[in-house]
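**Student:** I am attaching a structure below and will ask some questions about it afterwards.
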Amino acid sequence: MASERQARLADRIRVLIAERLEKGLRDPRLGFVTITDVRVTGDLQHASVFYTVLGSEQERNDSAAALTAATGMLRSEVGRQLQVRLTPTLEFIPDGIPENAGHIEDLLREARERDESVAGLAASAHYAGEADPYVKPREDEDDED
């Protein structure tokens, strides 16, 4: 469980990097990058920055190379803005959210189609035996007298 200080530092790093990327880097390889999450280790020495890139596989690879090349500059800017004793190292990790979301959508669509086919079969189904197959107690006519 992350401490409050870790969470505050991670959130601040996320904002600072996102603002810097919004201003733009002088790297034409950088595409439309969104910072999705930042996780800081317990000793506050390392930050894992998760990001997504809108576009093709080639644009993702180019953006990853641009972020790797700009890691030092981004770290120095984060250090200047944070004003902490030790600036955490930055590691950029592509986030798998879009791929996972697409896979989940496919699974949900498949489940919906199967549910519809089962509902169609159930609507036209009928009992194999009697309509009410459960044994009921006999009613004695002699007990009524």
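Residues 2 to 146, numbered by this note's numbering, are exactly what the sequence shown covers, in order.
No residue lacks a Cβ here, since even glycine has one placed at the ideal position from N, Cα and C.
Keep in mind it's a predicted model, so treat the numbers as computed, not measured.
If you reduce the DSSP assignment to three classes, tell me which class Thr69 lands in.
**Tutor:** Against the sequence shown, residue 69 aligns to sequence position 68. Here Thr69 sits in helix by DSSP.
**Student:** Measure the alpha-carbon distance for Ser64 versus Val34 and round it to whole angstroms.
**Tutor:** Along the sequence shown, read from residue 1 onward, the residue named residue 64 stands at position 63. Along the sequence shown, read from residue 1 onward, the residue named residue 34 stands at position 33. Taking the straight line from one Cα to the other gives about 8 Å.
**Student:** Which whole-angstrom value is the C-beta distance of Thr72 and Leu91, which I expect to be below 8 Å?
**Tutor:** What you label residue 72 is simply residue 71 of the sequence shown in a count that begins at 1. What you label residue 91 is simply residue 90 of the sequence shown in a count that begins at 1. With a Cβ gap of about 5 Å, Thr72 and Leu91 count as contacting.
**Student:** Closest to Leu10 by C-alpha separation, out of Leu26, Val119, Leu87 and Pro95, would be which residue?
**Tutor:** Position 9 of the sequence shown holds residue 10. It is Leu87.
**Student:** Based on DSSP bridge pairs, tell me the residues matched to Asn40.
**Tutor:** Here residue 40 is taken as the residue at index 39 of the sequence shown, counted from 1. According to the sequence displayed, residue 40 carries Arg and not Asn. Partner(s): Ser49.
**Student:** Roughly how many angstroms lie between the CA atoms of Leu75 and Ala19, to the nearest whole one?
**Tutor:** The residue you call residue 75 lines up with position 74 of the sequence shown. The residue you call residue 19 lines up with position 18 of the sequence shown. Taking the straight line joining both Cα atoms gives about 10 Å.
**Student:** Could you have a look at Val136 and say whether DSSP puts it in helix, strand or coil?
**Tutor:** Taking the first residue of the sequence shown as position 1, residue 136 is located at position 135. Residue state, collapsed to three classes: coil.
**Student:** By how many angstroms is the C-alpha of Leu17 removed from the C-alpha of Pro89?
**Tutor:** Position 88 of the sequence shown, counted from the start, is the residue given in the question as residue 89. Position 16 of the sequence shown, counted from the start, is the residue given in the question as residue 17. Computed Cα separation, rounded: 13 Å.
**Student:** Between Tyr52 and Pro95, which are expected to be in contact by the criterion C-beta below 8 Å, what is the C-beta distance as a whole number of angstroms?
**Tutor:** What you label residue 52 is simply residue 51 of the sequence shown in a count that begins at 1. What you label residue 95 is simply residue 94 of the sequence shown in a count that begins at 1. Correct: roughly 6 Å between the Cβ atoms.
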